[in-house]
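Since the structure comes first, as structure tokens, the remarks are kept for the end.
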Amino acid sequence: MNSNQLISSSSLMHFLFYVVIFLTSTAISTSYADGNDTDHHSLLEIKSMITSEALTSWNNSLHFCDWIGVTCGKWEKRVTRLKLNSQGLEGSLSPHVGNLSFLCFLSLSNNSLQGKIPQELGRLSRLQFLYLSTNKFSGVIPVNISRCSNLETLSLSLNDLVGSIPKEIGSLPKLVILYLGDNMFTGQIPPFLGNITSMEVFSVTRNPLGGSIPDTIGQWKNLREFDSGGCGLSGTIPYSLYNLSLLINITLAYNNFTGSLPPSMGAMLPCLVRIRLWGNQLTGPLPLSISNCSRLGYLDMGGNKFSGKLAIDFAKLRDIYYIRLSYNLFGSKEDDELMFIDSLKNCTRLKWLLLHKCKFQGMLPTSIGNLSNKLQDLYLYGNQLHGNLPSSIGNLVGLKRLHLQGNHFKGNIPSTIGILRNLQVVYLHKNQFSGQIPKSMGLGHPFTLRVFSKTGAFLGVCLWLMMIAAKSARLWSHVCLF
């Protein structure tokens, strides 16, 4: 082979090499162009079914990757995120959303979208996060959602969705967060949801589900939050729930649960921060082991039939800020049944202490004055407390509302109440107080006081002592209370 042939052959090889590169690049470019065109068209279809000034930037003056709420991949220039929450969107969600095949994140929450959730969402195999909460979507959950096999968060709360929770949701292997609250779902909490072993947050609050909690939730070993408040549930709380040792929040309020709580509840659920069991039919004593929940901040077990002596050691609950145990049957008739108040002195963050209608008897200990200076609400009304009201109550400098009506307190009203400059409401009626209203009460700030005379006549409400003459103030300070 001569030199001319070698040169010709070499030139041909170079030519073919560049042809291959060109064709490959063209194929890739064409592929990207096709993808871009699909995404562009799909976004315009979505816009066509939505009314909002927020989408005025969705026009040809900008590349669609620069449209508000749209994020594209760095290389492919395909839509990967669509975030349009809280944009005042009205209208419906176009089925063309299912053509955004690279979409990983879709958030349309807190708008006014209505109509059905399109089945075409099931085409989004890359979708990981779907937020459609706080809209007006109706109909049922599309069963095709099960094809979104990478879905980690599904948020559909605060809509008008109906029907039962579809069994297809149970086949989402990576689901971590499921929000279905505030809809109209029926048909119980289905046992098949226990198959989603990755579940960490589960909320179906305020749905007319009925039925009971299935034992299969015990398979959610990573569960942090369980909220089924206001669902018309009944039966006993399954023991498997107490085996979920990572639980932070348990909300079962406004149901019809019966039975008692296990004595070891606090030891089994040591991470609890929030307990809401209000409005059930639970019985028996409160577990002393609750004191093991050292991170507990919110304790609401009111509106049940708990009984026995309240002997929880609150001293260990240094982060607690809300305690509501009202409307229970705690009265033990023991002289020291209110001594648990002593242990509350270490709860320096406590703002609300609601212990009304608990059947408590005995005298209010002077340690009531050792409670947090952040305490705003103290409700002890409707019990059977007797004796004098401790003057130490004047130490509660943060107090705004004091409800002591419907007890058997007697003697004088402590003048120290008058130094509580944040106090706005005091209810003392239906007691056996005598003497005079302390002159200091209400001086210098607006004040509401409710009392009754011997005959039951209403004597005072909304005393704006700061605004009335000194003569009137003296008149009120000499009203006798019985």
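Numbering-wise, the sequence shown is residues 66 to 547 according to this note's numbering. Beta carbons are placed, not taken as given, at the ideal position from N, Cα and C, and that holds for glycine.
Query raised in the report: Looking only at DSSP bridge pairs, what is I242 linked to?
Result: Within the DSSP bridge table, the entry for I242 names T218, V266 as partners.
Query raised in the report: What's the gap between the Cα of E155 and the Cα of S222?
Result: Taking the straight line joining both Cα atoms gives about 18 angstroms.
Query raised in the report: Are there three or more Cβ pairs, one per stretch, closer than 8 angstroms when the region 494-507 is compared with the region 468-481?
Result: In short, these stretches touch, since the Cβ pair count reaches three.
Requested in this report: Note down the Cα distance separating G276 from L306, rounded to an integer number of angstroms.
Outcome: Looking at the two C-alpha atoms, the distance is approximately 16 angstroms.
Query raised in the report: Which residue comes first and which comes last in the beta strand (DSSP E) that contains G300?
Result: In this chain, the beta strand (DSSP E) harbouring G300 covers 299-301.
Query raised in the report: Exposed or buried, V487, counting other C-beta atoms within 10 Å across all chains shown (16 or more means buried)?
Result: Per the sequence shown, residue 487 should be read as Asn rather than Val. It counts as exposed.
Query raised in the report: Rounded to a whole number of angstroms, what is the C-alpha to C-alpha distance between V462 and I484?
Result: Each residue's alpha carbon lies about 8 angstroms from the other.
Query raised in the report: Applying the criterion that 16 or more other CB atoms from any shown protein chain within 10 Å of the CB defines a buried residue, is I133 buried or exposed?
Result: By the 10 Å Cβ count, I133 comes out exposed.
Report task. Could you check what DSSP says for E399 in three-state terms: helix, strand or coil? Result -> Coil, per DSSP.
Query raised in the report: Taking the alpha-carbon positions, what's the L309 to P256 distance?
Result: Going by the C-alpha atoms only, they are around 16 angstroms apart.
Query raised in the report: To the nearest whole angstrom, what separates the beta carbons of G427 and L403, a pair I think is in contact under 8 angstroms?
Result: Confirmed, Cβ separation roughly 5 angstroms.
Query raised in the report: Do G373 and P350 have their C-beta atoms within less than 7 angstroms of each other?
Result: In contact: G373 and P350 (Cβ atoms closer than 7 angstroms).
Query raised in the report: Which one of K239, Y387, F202 has the shortest CA to CA distance from S214?
Result: Residue K239 holds the alpha-carbon nearest to the alpha-carbon of S214 among K239, Y387, F202.
Query raised in the report: Can you give the Cα-Cα distance for G283 and G434, rounded to whole angstroms?
Result: A direct Cα-Cα distance of roughly 43 angstroms separates G283 from G434.
Requested in this report: Whole angstroms is fine: what's the gap from I93's alpha carbon to H161's?
Outcome: For I93, the predicted structure reports a pLDDT of 36, less than 50, and the residue's modelled location is therefore unreliable. A value from the coordinates is still provided. If you draw a straight line from the Cα of I93 to the Cα of H161, it comes to about 24 angstroms.
Query raised in the report: Which whole-angstrom value is the C-beta distance of F474 and H451, which I expect to be below 8 angstroms?
Result: The C-beta distance from F474 to H451 rounds to 7 angstroms, short enough to fall under 8 angstroms.
Query raised in the report: What's the C-alpha gap between L394 and E118?
Result: In a straight line, the C-alpha of L394 is about 57 angstroms away from that of E118.
**Report entry** Separation of T281 from P303, as counted between CA atoms
**Finding:** Rounded to the nearest angstrom, the two C-alpha atoms are 9 angstroms apart.
**Report entry** Inter-residue spacing [alpha-carbon to alpha-carbon] between R188 and S166
**Finding:** Between R188 and S166, the alpha-carbon positions lie close to 7 angstroms from each other.
**Report entry** Best match in L429, V205, N448, S174 for proximity to L147 [C-alpha to C-alpha]
**Finding:** For L147, the closest alpha carbon among the candidates L429, V205, N448, S174 is that of S174.
Report task. Please state whether DSSP places V208 in a helix, a strand or coil. Result -> For V208, the three-state secondary structure derived from DSSP is helix.
Report task. Helix, strand or coil for G163, going by three-state DSSP, please let me know. Result -> In this structure, G163 counts as helix in the three-state DSSP scheme.
Query - Contacting residues, own chain, Cβ-Cβ under 8 angstroms from F250 (five flanking each side not counted) - result: Closer than 8 angstroms at Cβ, skipping near neighbours: L226, V227, G228, S229, I230, V269, N272, P273, L274.
Report task. Go through the region 390-455 residue by residue and report every complete run of the alpha helix (DSSP H) that reaches 4 residues or more, in order. Result -> The region 390-455 is shown to contain no whole alpha helix (DSSP H) run of 4 or more residues.
Query raised in the report: Between R191 and the ligand HEM, is the CB less than 6 angstroms from at least one heavy atom?
Result: Ligands are entirely absent from the displayed structure, and the ligand HEM is therefore not among its contents.
Query raised in the report: Residues in its own chain within less than 6 angstroms of G367 by CB, not counting five upstream and five downstream?
Result: Within the same chain, G367 has close Cβ partners W343, R389, L390, S391, Y392.
Query raised in the report: Can you list, in chain order, the residues of its chain whose CB lies under 8 angstroms from that of S408, leaving out five sequence neighbours each side?
Result: Result list for S408: I377, D378, F379, A380, in chain order.
Query raised in the report: Skipping 5 residues on each side, what residues in its chain have a beta carbon closer than 8 angstroms to that of L178?
Result: For L178, where only same-chain residues beyond five positions count, the Cβ hits under 8 angstroms are I115, L154, E155, G156, S157, L158, L197, N200, K201, F202.
Query raised in the report: Just how far apart, CA to CA, sit N448 and E290?
Result: Each residue's Cα considered, the two are about 34 angstroms apart.
**Report entry** Beta-carbon proximity of T145 to C130, cut-off 7 angstroms
**Finding:** Contact flag unset, no.
Query raised in the report: Taking the alpha-carbon positions, what's the F183 to G324 distance?
Result: The displayed chain sequence assigns Pro, not Phe, to residue 183. Each residue's alpha carbon lies about 43 angstroms from the other.
Query raised in the report: If we ignore side chains and look at the alpha-carbon of each, how far apart do T520 and S432 end up?
Result: Below a pLDDT of 50, predicted positions are generally treated as unreliable, and T520, at 32, falls in that range; the measurement from the model is reported next regardless. Going from the Cα of T520 to the Cα of S432 covers about 34 angstroms.
Query raised in the report: Cα-Cα, which of L195, K410, C296 is closest to N345?
Result: Here the closest residue by C-alpha is C296.
**Report entry** For S151, the three-state DSSP class (helix, strand or coil)
**Finding:** Three-state result, S151: coil.
Query raised in the report: Grouping DSSP H, G and I as helix and E and B as strand, with all else coil, what is S325?
Result: Residue state, collapsed to three classes: strand.
Report task. Tell me whether K142 sits in a helix, a strand or coil according to DSSP, three-state version. Result -> Collapsing the DSSP output to three states places K142 in coil.
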